[in-house]
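Offset between the sequence shown (1-based) and our numbering: plus 24. So the structure is just underneath, and the comments pick up after that.
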Amino acid sequence: MNFRRHLILPGLIIALGVWSTPSWAATTSHEGHQSAAIELTLNGQAKWQGDENMLKGMNGIRGALATRLPAIHDGSLQPADYKRLASEVQAQVDFMVTNCKLAPEVDEQFHIVLGHVLDGVAELEGDADPRSGAVRVVQALNAYGTYFEHPNWQPLE
Numbered sequence: 025m026n027f028r029r030h031l032i033l034p035g036l037i038i039a040l041g042v043w044s045t046p047s048w049a050a051t052t053s054h055e056g057h058q059s060a061a062i063e064l065t066l067n068g069q070a071k072w073q074g075d076e077n078m079l080k081g082m083n084g085i086r087g088a089l090a091t092r093l094p095a096i097h098d099g100s101l102q103p104a105d106y107k108r109l110a111s112e113v114q115a116q117v118d119f120m121v122t123n124c125k126l127a128p129e130v131d132e133q134f135h136i137v138l139g140h141v142l143d144g145v146a147e148l149e150g151d152a153d154p155r156s157g158a159v160r161v162v163q164a165l166n167a168y169g170t171y172f173e174h175p176n177w178q179p180l181e
């Protein structure tokens with residue numbers, strides 16, 4: 025089942041509106057691109073603990089971006105390659121949503137990250153500025169690493 029952003033985002037917005045928790049904004053920037061605030065909270069003083077499906081999916085998204093970063097940075101990644109990247113990232117999001125077994129409080133925070141990833145997917149699929157979509161996904165991945173326990177996670181530059 026393919027959970028496209030237009031099916032997930034309304035549910036995420038409704039679900040996230042139910043909970044009102046104080047948060048810190050994880051702001052990240054990438055090569056002069058405007059930083060995007062990603063509102064997340066820690067689990068008290070600790071990072072959130074996910075499940076194997078979350079770890080697997082996030083590794084897949086990170087890997088898809090990492091292999092293309094040099095071409096994204098130097099501007100040589102072709103439009104068709106951005107669309108393939110969007111498809112790969114979307115497949116990982118679909119996998120995580122389909123196989124989600126997270127506790128509700130973890131799921132709430134993780135869906136914030138996924139919302140930003142899906143915004144990036146929309147830009148990656150578009151013709152206007154797909155590079156900004158890659159930047160948005162990188163920002164979401166880096167915020168994820170700050171708030172979620174993920175062994176050996178490395179931020180992307």
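Built from N, CA and C at the ideal position, the CB exists for glycine as well. All of these numbers come straight from a predicted model, not from anything done at the bench.
| task | Please state whether DSSP places alanine 127 in a helix, a strand or coil. | result | coil
- Query: Looking only at its own chain, which residues have a Cβ that is under 6 Å from the Cβ of glycine 81, when we skip the five neighbours before and after it?
  - Reply: Gln116, Phe119, Met120
_Nearest candidate by alpha-carbon position, reference glutamate 181, set Ala90, Gly84, Ala70_ = Ala90
For the stretch 95-112 against the stretch 126-135, do three or more pairs of beta-carbon atoms, one drawn from each stretch, fall closer than 8 Å, so that the two count as touching? no
Given a cut-off of 7 Å on the beta-carbon distance, is the pair histidine 174 and leucine 79 in contact?
yes
- Would you kindly work out how many angstroms separate the C-alpha atoms of valine 113 and isoleucine 85, rounded to a whole number? 5 Å
Q. Quick one: what does DSSP say glutamine 114 is sitting in, helix, strand or coil?
A. helix
Practice prompt. Starting from alanine 70, follow its DSSP beta bridges and name the residues at the other end.
Written response: Asn67
- Message: Bridge partners for glutamate 147 per DSSP, in chain order?
- Response: Answer is none; glutamate 147 lacks a bridge partner.
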